[in-house]
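>
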Amino acid sequence: MSDTTAHAETELVQLLTPEGEFTAHPDYPLDIGADEIRDLYRDLVLVRRVDSEAVSLQRQGELGLWASLLGQEAAQIGSGRALRDGDMAFPSYREHGVAWCRGIEPKELLGMFRGVTNGGWDPHEHGFHLYTIVIGSQALHATGYAMGVQRDGAVGEDGTAVIAYFGDGATSQGDTNEAFNFASVNNAPVVFFCQNNQWAISEPLERQARVPIYRRASGFGFPGVRVDGNDVLACLAVTRAALTNAREGNGPTLVEAFTYRMGAHTTNDDPTRYRATAELDEWKAKDPILRLRRHLEREGLADEEFFASVDAEADAIGERVRAECRALPDPEPLDIFHEVYAEPNVHIDQQRSEFAEYLASFEGAGAEGGR
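Here this note's numbering is used: position 278 in the sequence shown is 1506, and no number is missing along the way.
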């Protein structure tokens, strides 16, 4: 175990050990039944299957890119299931598990990574904003939205809470820190949910922060908490508490979900170039799905028939994801210029014209190009 990992585990809010043993936490009680725990297990397995199919589809040339969530399923499902219908989430580009919890069909995500759409869902219908590629900007968007909620008077027990998702690398961005400050001084009803997966592409955590990320909140005047990001029950309990705190007018919270990106940063990345196999093996032993399965088995909450039914459902959704992706149209190159601005723009028009001329230059060049 690395020194960083050992230090982190002394500060974690954890309800399930890697062996699946449940221990109640005095600050984060969780009233949950067997059916809900089984539903969380189902979520974890199905989301991982969607993710693995998307990686394979990208390798087969069906998607331009994919950002895998492998290893981060518990952080996303736990926090996603803590949201109420009226809440609003602002994701980055890896929150496929949260999208699942908010009712976004996998084909909508695939269409975006195929280049067919810029995001094919209605954010207000699902309480889930479009994916954000610019690192950290969604923290400002979420803060502004939360300040609007506050000014609309939509706070209180039945009010609206806002959550912003980002990674450890985003905490080095000015946008994120500006969002912390705005949220603090305005007491905005927003939760900042940092999935600390240890690597900002190839930059390790120690190059992003010299102190635990959750402690940064104290410098801005609001609470921070570090939760075991591979423990879906702890993520659910901590996020529920933070959202309730925001909803009732007590201001922002920074939740640091201490987890690990077991796959590549994106399908264009090769993590073997910058991290050790031993590190990956250490985190595989903390796999969030295996952890919850061990708990279900330990407590007699599920049998082999249940696990087999979930696996069968995963196979079915895998087939559906493949079929729906291959049924998507190929993106038209000039579509990239559509809907950049609401009104016509001379600069965009000029760029479109130049690119169209460039594409046209390849027409009829097949014979010469083959020589």
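For every residue, glycine included, the Cβ atom is placed at its ideal position computed from N, Cα and C.
State the CB to CB distance for the pair residue 1539 and residue 1302, rounded to an integer number of angstroms; the pair is presumed to be in contact (CB under 8 Å).
Taking the sequence shown and counting its residues from 1, one reaches residue 1539 at position 311. Taking the sequence shown and counting its residues from 1, one reaches residue 1302 at position 74. 19 Å between Cβ atoms; not a contact.
> On the criterion of 16 or more Cβ atoms from any shown chain inside 10 Å, does residue 1569 qualify as buried, or is it exposed?
Here residue 1569 is taken as the residue at index 341 of the sequence shown, counted from 1. Under this definition residue 1569 is an exposed residue.
> How would you label residue 1574, buried or exposed, when you count the other beta carbons within 10 angstroms and need 16 or more for buried?
As a working mapping, residue 1574 is identified with position 346 in the sequence shown. It is exposed - the Cβ of residue 1574 has fewer than 16 other Cβ atoms within 10 Å.
> Quick check: the segment 1445–1459 against the segment 1383–1401, are there 3 or more CB pairs under 8 Å?
No, because fewer than three Cβ pairs between the segment 1445–1459 and the segment 1383–1401 fall closer than 8 Å, the two stretches do not touch.
> Among 1405, 1328, 1239, 1436, which has the Cα closest to the Cα of residue 1278?
Indexing the sequence shown from 1 puts residue 1278 at position 50. Among 1405, 1328, 1239, 1436, the Cα nearest to that of residue 1278 belongs to 1328.
> Would you decide whether residue 1598 is buried or exposed? Buried here means 16 or more other CB atoms lie within 10 Å of its CB.
Here the question's residue 1598 lines up with position 370 in the sequence shown. Here the model assigns residue 1598 a pLDDT of 41, short of 50, so the residue's position is not dependable, and the following value carries that caveat. Residue 1598 comes out exposed.
> Can you look up residue 1494 in the DSSP assignment and give me helix, strand or coil?
Counted from its first residue, the sequence shown places residue 1494 at position 266. The answer is coil: DSSP assigns residue 1494 none of H, G, I, E or B.
> How about residue 1419 and residue 1474: are their beta carbons less than 8 Å apart?
Translated into the one-based positions of the sequence shown, residue 1419 becomes position 191. Translated into the one-based positions of the sequence shown, residue 1474 becomes position 246. Cβ distance < 8 Å, so residue 1419 and residue 1474 count as in contact.
> Helix or strand or just coil, what does DSSP make of residue 1297?
Within the sequence shown, residue 1297 is the residue found at index 69, counting from 1. Coil at residue 1297, not helix or strand.
> Is it the case that the segment 1377–1386 contacts the segment 1344–1351, given that we only count it when at least three CB pairs across the two stretches are under 8 Å?
Cβ pair count under 8 Å is below three, so no.
> DSSP three-state label for residue 1448, please.
Taking the sequence shown and counting its residues from 1, one reaches residue 1448 at position 220. Looking at residue 1448 - three-state DSSP - the assignment turns out to be helix.
> Please look up how many angstroms separate the CB atoms of residue 1444 and residue 1482, rounded, as I've assumed it's under 8 Å.
Position 216 of the sequence shown, counting from 1, holds the residue named residue 1444. Position 254 of the sequence shown, counting from 1, holds the residue named residue 1482. Right, their Cβ atoms sit about 7 Å apart.
> Which residue or residues does DSSP assign as beta-bridge partners of residue 1432?
Counting from 1 along the sequence shown, the entry for residue 1432 is found at position 204. Its beta-bridge partners are 1427.
> Beta strand (DSSP E) containing residue 1249: first to last residue?
Start at 1 with the first residue of the sequence shown, and residue 1249 comes out as number 21. Counting along the chain, residue 1249 falls outside any beta strand (DSSP E), and DSSP gives it neither H nor E.
> At 4 residues or longer, and completely inside the segment 1292–1379: list those alpha helix (DSSP H) runs for me, N to C.
Fully enclosed alpha helix (DSSP H) runs of 4 or longer: 1301–1308, 1324–1329, 1334–1342, 1351–1354, 1365–1379.
> According to DSSP, is residue 1574 part of a helix, a strand, or is it coil?
For the purposes of this step, residue 1574 is identified with residue 346 of the sequence shown, where counting begins at 1. If DSSP states are grouped into helix, strand and coil, residue 1574 belongs with the helices.
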